[in-house]
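S.K.: Take this structure first; my questions come after.
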Amino acid sequence: MKANNYLVYLIALPLFSAALLLLLGRIADKWGHLLATLVSASTFAIGAYEFFAMRSRSGVDRAITQHVIQWISVGTLKVDGALLLDQLSICFVLLITGVGTLIHIYSISYMEHDENRRRFFAYLNLFIAAMLLLVLADSYLSLYVGWEGVGLASYLLIGFWNQRPAYATAAKKAFVANRVGDVGLSLAIIIAFTQFGTVSFAGVKAGAPHASSAALTAIGAMLLLAAAGKSAQFPLQSWLGDAMAGPTPVSALIHAATMVTAGVYLITRSNFIFDASSTARLLVVIVGAITLLFGAIIGTAKDDIKKALAASTMSQIGYMILATGLGPIGYAFAILHLLTHGFFKAGMFLGAGSVMHGMDDEVNMRRYGGLAKFMPITAITFGFGYLAILGIPPFAGFYSKDKIIETAFNAGGNKGWILGGAALLGAAITAFYMTRVVVLTFIGAKRWDSMAHPHESPLLMWLPMAILAIGSVTSGFLLSSGSALVHWLQPIVNAGNVEGGKELMKPLTVSLLALGVVVIGAGAAIIKYRTVASEAPSNISIFTKAARKDLYQDSFNEAVLMRPGQGLTDTLVKTDHNLIDGAVRGVGWTLNTISSAARSIQNGYVRSYALIMVLGTLALVATVWLVTL
Amino acid sequence: MDIANYLYLSAALFTIGAVGVIVRRNAIVVFMCVELMLNAANLAFVTFSRLNGNLDGQVASFFTMVVAACEVVVGLAIIVTIFRSRRSASVDDASLLKR
Amino acid sequence: MLSAPHLNYALLAPILIILGAALLGVLVEAFISKALRSRLQIGISLIAVIAAFIQLIRVRNLTSTSAAVGSVAIDGAGIYIQLIILALAFVGLLYIADTDNFTAQASAIPGSTEEASSIAAGSQQTEVFPLTLFAIAGMMLFPIATDLITLFVALEVLSLPLYLMSGLSRRRRLLSQEAALKYFLLGAFSSAFFLFGAAFLYGYSGSLSLNGIADGVHSSGANSVFLLIGIIFLSVGLLFKVGAVPFHSWTPDVYQGAPTPITGFMAACTKAAAFGAMLRIFYVGFNDVQWDWKPIISAIAVITMVFGAIAAIVQRDVKRTLAFSSITHAGFILIAVVALSKNGLAAALFYFISYGFATLGAFGIVTLVRDSSGEITDLNRWSGLGKRSPLVASAFSLFMLSFGGIPLTAGFIGKFSVFTASYESGNINLVVFGVLTSAVALFFYLKIVLMIFFGESRSDTLTVVIPSILTRVAISICVIVTILLGVYPSLIFNSLQTFATFLH
Amino acid sequence: MKNILTVLELLPLFGVIALWLTPKENTKLIKQTAVAASLLTLVESFIAVWNFDIKFKGFQLVESYNWISAFHIKYAVGVDAISLTLILLTTILVPIVFIAGWHESEDGRFSPKTFYVLMLVLETMMIGVFAATDVFLFYVIFEAMLIPVYFLIAGYGRGERAAAALKFLLYSLFGGLLMLAAVIGIYIISTNQGVGTFDVNELSKLTIDQSTQNWLFLGFFIAFAIKAPLWPFHTWLPGAAKSATAGTSTLLLGILDKVGTYGMIRFCLTLFPGATKTFAPWIITLAVISILYGAILAIGQKDINSMIAFTSISHFGFITLGIFALTSQGISGATFYMINHGFSTAALFLTAGWIVKRRGSSQIADLGGLQRVVPVLAWSFFIAGLSALALPGLSSFVSEFLVLIGSFSQYPVATIFATTGIVLAALYVLLVVQRALHGEVKSGNESMVDLNLREKLAIAPVIALLVFLGFYPKPVLHPLNVATSTVMSQIGVTDPIAKADK
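Chains as they are written, first to last, in this note's numbering: chain A, 85 to 713; chain B, 70 to 168; chain C, 356 to 859; chain D, 975 to 1476.
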């Protein structure tokens, strides 16, 4: 592998910029956003440069490393602060810096009237730095730094308007749920170290074939837990909806395009673990399948445009996770879907932001309607994203999602039918809820009151949307033509060039099937939401109620974790005071009591003192008598 | 007569003295009981002197008598003072210092 | 022709100096005018103590011999204990020199016109000085005496003056007299036990000397019941003097009732003298029957420590608290007695110093805290003393910390050496008990410190009197010794290496 | 230069003498004198670092003089990396505490002068306790240093300060007394084996039978467990932290309590390797309970200072876990954790102290919306909180992870439980952050003023160190590794070998 001295700037530049903006404070208010955008753009430039340089190399030379510092070295544990840029990470670098830069640009305008815009950009840069560290790390432990770094950035951005208690709570919830996942990542790293004596990707990869399957399954399960936390997968999915509290560009960048896909990256990066453990793979597909349906179902009932999109994100990542669990062949499709999803979902989120921008931050779709007329660019770019997610050819989603559905069917046996069926069902529901979003927002009668003045967003906002829309159209084709991405990633994943399982159906059949269910789903939505009330109806079925309540995920967490947790806390606080400290105080009390008793012996009568002496003497005599007897 | 009987007598005297100290209220009587105990010890000394066949015990008893006389001097001084202050020689009355 | 016995006057000189000075004091009391009397008495007493001290230093190398035809043993430990007693007595005398603490006329009825007029006339009787000197002489004799008669005489010589001195308080005379009565009756009672025990030891061994008793143990056949009764009854007498439980009852009452300077003197010096004698008796006389007495003395050590520490917790009177504290410390010293080794002896000797000076210091400070009717001994009224008089409060706290055995005070080294000696002799259980008791004891020592510094001051009438120069010197000595020996105990321990031996 | 360590110990005492000569009324001069003395000490500690040979195994800069020859007690000092880093922590934190709590000394029961005298005396003792290589000397300072802390808490604290201080003192002294018995015990053993010494190196060479080891070990360990504090010996800590001033709390939890964990390594491990192995599983259990218990109680606290105290209990659990895992990662991690915890607790207490001082209440419920009013202060507190939850990129992460990774091979189940502590850590930090910093500005907080230059100067180096050591722990971690390997070879344990290794 070649060494390279510039990789570190990818991380250092945005990190430095973030620190600078935060430390300088108000002084930097005037130009802070510009600096941040410039830095973000320059990281994209470096990324692009490295991408082309990589393409010009071949074979093992494509991956490059940089040793930055000797980080931790204790006993046999040696973790270097080293960066690794290979075919997998470059995809992410481009996605992160590319989408990231677009969103920086978008935010310049979107956040124009916020007094803390500088701080917002500082956080964005911090995020870019952390996310790049995550994908550039050459060991699990370095990855962990980025992993938590993005968590911090996400926390800060979700809670950007933390004066509103609900938003602050949402931020905290996201961080804590992520931390649950981090326990998984920690344990995975720890087990890996005890197994392999190293935590670098290369080292673990080399050792994996020699490890016991139990260990590999354990590591795999823990990595999955980590991925579930970061990527809002079942059972740690509940934070993502609330995370929409953050400004919309944040939702686009972090909670749609990049950070939440880190779980997919992690599993893909650890393909050597999952390849070696079928149990771990099984867990992965189960989580993926559940989540893709879970998210989709929630999406059908959300009136908040951002939450509907968030549910969709959850569902789409479910697809990716599902793909990663389908064996060596699946990883590339997961990444493919990840990239296309990055374009269309970011585009749609920005579109949602644009709508909100024009509608005085109204997020309830029931108060929208017929907006296409007022914000055509937004409507078109959003529409491209919509078509992409539905998987209409030739839009991006068609190439990526169908591949996943296809591979799922090919998993074989009942598993294949179940997974394929779930994926297909998911596609139908996706079509339903996305159509619902589009219909409620852009089509139909206007349901907003006269106070609102919907208008198209300024150039700085629609330009990124347009670029992302182009991506939504083209990326799928570009990446999959001639299996470009699959081959590109070949050395990292599926190096053995394993084919998928026996084809259950022809790819065309799958595509047609998928298209069919999509049409059904979309059609159902159009029929149902032709007309809609501006208030959510209350006489609804039990299923709708459940979906509106996020399938009771929060109630569940509250009942199973939060309330018992609070109970435990209260109990322990009381126990600590009454029992443990009480025991200590009890000693004091006992001493006092004995002391008072002893005091009463001292009654002041000389004769009783004499009696005590005599009794004492007799006791001594008795003792000696007994001892010497 | 068995010489041990002297020891029994001595022990009995000592016990009577000790009991007297415990049960009697008048300071003078209490003090007399103490003297009785000292004399019990004296009796023991003399007895043991006889038993051991040397005179050390007898010498000791003389010393004891002198010391006892000194004790009387000091003791009576104290008892008289307190009697003058309190108009009472009962040891039970002198029980302000307690607890 | 019979020659007079060789008494070795040089070695007895320290005691004789004190006794001589005491007799001189009596004459002064009788013949010198009121005006001069007091100062003269102070002078005589202090000079006598210093002279005796110097004489002891001079003869320190003539040790390991006996004097007065074997009645006393002049050995390293004997000399050392005498030096300690003299040093402590010197400080005690500095307090006693403040005659304001003592009744002008002991024979006057409390509250009578006679008393009032004698106070008004400024006629101060100073019998306390010769009494003190007599007591000192007895204390010096007690730990070096090697036969039972001398022991008994010494015991009485040290006790009788103390009985009287306890009754000499100027204020609260009824309490003071009561203390004297109690002390006297119980003291005489315990003397009887001591004597009875002595008689049985004599009966057992046919000898009055400690060596003779030790020899008697070797020659089998003697009636060991006599020995055991002798040991027990003799021990009762000694344990009474040191204030060990259950023979301690007099301690709190007498400590509270006696004039505070006397209490300090008594607490520090009597403990050293009585323990000195006890150490000699057990180390020399009973060494070979240690398996008979060790268990009971160990048990008494434990009971004493624990009882003293626990009973002190709820005390509200500072002098009573210090009394219970002294009981606890008696328990600690008993641990050293049970160690029955050279290190145990050295530890005990060091403990006398550390405990003695801290005790004198603490009682010295008690004399300073007053209101219009005299000393305030109610601890509640001491609350907030630190604000009023930080220096006095700091000094008192220092003594409390030393009692508690906080490092960098002499008390800690004392405890450490006692525990070390005990551990070395295999009495690990005693160490554990000692350690646990220390924790309990710390509880009340620290509560006092807490109250002094951080309690709210409740009484406006409380004042801290400006101490006289002598008292100031005395307290300063105590402070210095407590810190110095805490930081650099080698000052004492280096000499103890050679001195901590008994003549057998 | 000779006697570096002794000079280091004496410098604060010179400061005390200088203070003594300073007029009582001139508060400003007193403060400047104290700061100057502490800075001078800091410089001297750098000289000590300069003269320290990283590669050398064993104690360096040693000095030894007879002290109490009757008991073979010496004034013997020397440092290895573990003690030197802790000394450095001390010398860095003391001036920071002085500068941060500029007015802390003014509303106490005693004069400001007394405050600085006590603080400087405490600094001398803290340096001394880490430098001591004679067990007796260690013990003496270990106990004696409680007294200045007692007066600092009770004399300058808030609320139930006197009772809290007494509780602190009694707890610590009780532990100390048990340790005293053990100290005496090991000395007697050395005497019986013909050595008669308190020198820790010599003592580690003794052969002690297992049951004796166990008892002596417990004597030492309970003292340290109270100090550290480990569950269930912890109940003195929250009260003390709640009552003490921010500076005192900083020194108390940041440095003083480290004596407990330091003692575990220096004495429990090296003197009683056999007993260490016997008790390790039990201690690990206590450590894990501490981690979770401390974290859960931290969540339930209403007072900001006692909340920080409980987080520390959790962190001390991690440190103990690392120590008794008996692996190089565990012990190195634990020692590094001590340093990091020192700085992160300092940051927490100092910032919380400023908040409390400005608000006049330490109830978390009284705070709220501080980020809007006092952004710099809020950020400082937030970063300190992140350090407490061991965010990667901050130094506490490195140590926490080392502890976990070092323990897993030995105690997998315990480690898994301990790992869940990181979720609780996120909860307790973010809950207080949310309640205090986020939300609407609560009434009573509107007029709070942000940090002034002096306060910024005080907190900046702490945060800088947390970040710097997070990315580049080597300067501290590397020397610690050398010390750790020495300790491990003394106990006779080696790291487990990776299972899948061929």
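Heads up, the beta-carbon is just placed ideally off N, CA and C, and yes, glycines get one too.
Under a Cβ-count criterion, where at least 16 other Cβ atoms within 10 Å of its own Cβ denotes burial, should residue 1208/D be classed as buried or exposed?
M.R.: For the purposes of this step, residue 1208/D is identified with residue 234 of the fourth sequence, where counting begins at 1. Its Cβ being crowded by 16 or more others within 10 Å, residue 1208/D is buried.
S.K.: Determine, using beta carbons only, whether residue 689/A comes closer than 7 angstroms to chain B.
M.R.: Numbered from its first residue, the first sequence carries residue 689/A at position 605. Yes, contact with chain B.
S.K.: Does the beta-carbon of residue 627/A have 16 or more other beta-carbons within 10 angstroms, so that it is buried, or is it exposed?
M.R.: Here the question's residue 627/A lines up with position 543 in the first sequence. By the neighbour-count rule (16 or more Cβ atoms within 10 Å), residue 627/A is not buried but exposed.
S.K.: Could you tell me whether the region 539–556 of chain A touches the region 407–421 of chain A, where touching means 3 or more Cβ pairs closer than 8 angstroms?
M.R.: They do not touch, by the three-pair rule.
S.K.: Please report how far the alpha carbon of residue 385/A lies from the alpha carbon of residue 443/A, in whole angstroms.
M.R.: By one-based count along the first sequence, residue 385/A stands at place 301. By one-based count along the first sequence, residue 443/A stands at place 359. Roughly 21 angstroms separates the two Cα atoms.
S.K.: Kindly list, in the order they appear in chain C, the residues whose Cβ is closer than 7 angstroms to that of residue 1472/D.
M.R.: If you number the fourth sequence from 1, residue 1472/D lands on position 498. Residues of chain C passing the Cβ test: none, with the nearest at roughly 45 angstroms.
S.K.: CB-CB under 8 angstroms to residue 1136/D, same chain, minus the five flanking residues each way: which ones, in chain order?
M.R.: One-based indexing of the fourth sequence puts residue 1136/D at position 162. Same-chain partners within the cutoff: 1128.
S.K.: Flag this pair as yes or no: are the beta carbons of residue 449/A and residue 524/A separated by less than 7 angstroms?
M.R.: For this step, residue 449/A is matched to residue 365 along the first sequence. For this step, residue 524/A is matched to residue 440 along the first sequence. Taking 7 angstroms as the Cβ cut-off, residue 449/A and residue 524/A qualify as a contacting pair.
S.K.: Which residues in the same chain have their Cβ closer than 7 angstroms to the Cβ of residue 628/C, if we skip the five residues on either side of it in sequence?
M.R.: On the third sequence, position 273 is the one that residue 628/C refers to. Answer for residue 628/C: 440, 494, 497, 498, 513, listed in chain order.
S.K.: Any C-beta of chain A within less than 8 angstroms: which residues of the region 1301–1315 of chain D qualify?
M.R.: Listed in sequence order: 1301, 1302, 1303, 1306, 1307.
S.K.: Quick one: Cα of residue 1103/D to Cα of residue 1116/D, how far?
M.R.: The residue you call residue 1103/D lines up with position 129 of the fourth sequence. The residue you call residue 1116/D lines up with position 142 of the fourth sequence. Rounded to the nearest angstrom, the two C-alpha atoms are 6 angstroms apart.
S.K.: Decide if residue 779/C is buried, meaning its Cβ has at least 16 other Cβ atoms within 10 Å, or exposed.
M.R.: If you number the third sequence from 1, residue 779/C lands on position 424. So residue 779/C ends up on the buried side.
S.K.: Can you tell me whether DSSP reads residue 1040/D as helix, strand or coil?
M.R.: Counting from 1 along the fourth sequence, the entry for residue 1040/D is found at position 66. Correct three-state label for residue 1040/D: strand.
S.K.: Write down the C-beta distance between residue 1029/D and residue 1460/D rounded to the nearest angstrom, noting that I regard them as a contact closer than 8 angstroms.
M.R.: If you number the fourth sequence from 1, residue 1029/D lands on position 55. If you number the fourth sequence from 1, residue 1460/D lands on position 486. Contact flag wrong, Cβ pair sits at about 11 angstroms.
S.K.: Smallest Cα separation from residue 136/A: which of 226/A, 241/A, 175/A, 691/A?
M.R.: Locating residue 136/A in the first sequence gives position 52, counting from the first residue. Nearest option by C-alpha distance: 175/A.
S.K.: Among residues of its own chain, excluding the 5 on either side of residue 559/A, which ones have a beta-carbon nearer than 8 angstroms to its beta-carbon?
M.R.: Walking along the first sequence from the start, residue 559/A turns up at place 475. So the list reads 423, 424, 427, 480, once near-sequence residues are dropped.
S.K.: List, from N- to C-terminal side, the alpha helix (DSSP H) runs of 4 residues or more that fit wholly inside the region 679–708 of chain C.
M.R.: Within the region 679–708 of chain C, no complete alpha helix (DSSP H) run reaches 4 residues.
S.K.: Say whether chain A places a C-beta atom closer than 7 angstroms to the C-beta of residue 583/C.
M.R.: In the third sequence, counting from the first residue as 1, residue 583/C sits at position 228. With 7 angstroms as the cut-off, residue 583/C counts as an interface residue toward chain A.
S.K.: List the whole-angstrom C-beta distance separating residue 537/C from residue 609/C, where the pair is believed to meet the contact cut-off of C-beta under 8 angstroms.
M.R.: The residue labelled residue 537/C in the question sits at position 182 within the third sequence. The residue labelled residue 609/C in the question sits at position 254 within the third sequence. About 6 angstroms separates the two Cβ atoms, so the contact holds.
S.K.: Could you name the residues that DSSP lists as bridge partners for residue 725/C?
M.R.: Indexing the third sequence from 1 puts residue 725/C at position 370. DSSP, once it has assigned bridges, lists 730/C, 818/C as partnering residue 725/C.
S.K.: Express the C-alpha separation of residue 1473/D and residue 356/A in angstroms, rounding to a whole number.
M.R.: As a position in the first sequence, residue 356/A is number 272, starting the count at 1. As a position in the fourth sequence, residue 1473/D is number 499, starting the count at 1. So the two alpha carbons sit approximately 18 angstroms from each other.
S.K.: Using Cβ-Cβ distances below 7 angstroms, what residues of the region 1203–1217 of chain D are close to chain A?
M.R.: So the list reads 1206, 1209, given in the order they occur along the chain.
S.K.: By the 7 angstroms beta-carbon criterion, what residues does the region 541–555 of chain C contribute toward chain B?
M.R.: Under the 7 angstroms Cβ criterion, the region 541–555 of chain C contributes 543, 544, 547, 550, 551, 554, 555.
S.K.: Can you check DSSP and say which residues form a bridge with residue 427/C?
M.R.: Translated into positions along the third sequence, residue 427/C becomes position 72. Paired residues: 422/C, 500/C.
S.K.: Where do the ends of the alpha helix (DSSP H) carrying residue 1342/D lie?
M.R.: By one-based count along the fourth sequence, residue 1342/D stands at place 368. That residue, residue 1342/D, is in no alpha helix (DSSP H); it is neither H nor E in DSSP.
S.K.: So, at 7 angstroms on beta carbons, what are the nonlocal neighbours of residue 679/C in its own chain, with the 5 sequence-adjacent residues on each side left out?
M.R.: The count along the third sequence starts at 1 and reaches residue 679/C at position 324. Correct list, in chain order: 607, 663, 666, 667, 670.
S.K.: Suppose contacts are defined by Cβ-Cβ distances below 7 angstroms. Is residue 431/C in contact with residue 856/C by that definition?
M.R.: On the third sequence, position 76 is the one that residue 431/C refers to. On the third sequence, position 501 is the one that residue 856/C refers to. Against a cut-off of 7 angstroms, the Cβ pair of residue 856/C and residue 431/C comes out as a contact.
S.K.: Restricting to Cα atoms, I'd like to know which of 1001/D, 1037/D, 1004/D is closest to residue 981/D.
M.R.: Looking up residue 981/D in the fourth sequence gives position 7. Nearest option by C-alpha distance: 1037/D.
S.K.: What does residue 1343/D reach in chain A if we use C-beta pairs closer than 7 angstroms?
M.R.: Along the fourth sequence, read from residue 1 onward, the residue named residue 1343/D stands at position 369. 247, listed in chain order.
S.K.: Quick check: is the beta carbon of residue 695/A nearer than 7 angstroms to any beta carbon in chain B?
M.R.: In the first sequence, residue 695/A corresponds to position 611, counting from 1. With 7 angstroms as the cut-off, residue 695/A counts as an interface residue toward chain B.
S.K.: List the residues of chain D whose Cβ lies closer than 8 angstroms to the Cβ of residue 252/A, in chain order.
M.R.: Your numbering for residue 252/A matches position 168 in the first sequence. Within 8 angstroms Cβ-Cβ: 1408, 1412, 1413.
S.K.: Identify whether residue 1049/D lies in helix, strand or coil by the three-state DSSP scheme.
M.R.: Here the question's residue 1049/D lines up with position 75 in the fourth sequence. If DSSP states are grouped into helix, strand and coil, residue 1049/D belongs with the strands.
S.K.: Quick one: which chain C residues come within Cβ less than 8 angstroms of residue 989/D?
M.R.: On the fourth sequence, residue 989/D is found 15 positions in, with the first residue counted as 1. Chain C residues near residue 989/D: none, gap ~19 angstroms exceeds 8 angstroms.
S.K.: CB residue 1404/D to CB residue 257/A, shorter than 7 angstroms?
M.R.: Here residue 1404/D corresponds to residue number 430 of the fourth sequence, with the count starting at 1. Here residue 257/A corresponds to residue number 173 of the first sequence, with the count starting at 1. The answer is no: Cβ separation not under 7 angstroms.
S.K.: Taking Cβ-Cβ distances below 9 angstroms as the criterion, which residues of the region 92–105 of chain B are in contact with chain A?
M.R.: Residues 92, 93, 94, 96, 99.
S.K.: Please classify residue 445/A as buried or exposed, where buried requires at least 16 neighbouring CB atoms within 10 angstroms.
M.R.: To locate residue 445/A, count along the first sequence from 1; it is residue 361. Answer is exposed; the Cβ neighbour count stays below 16.
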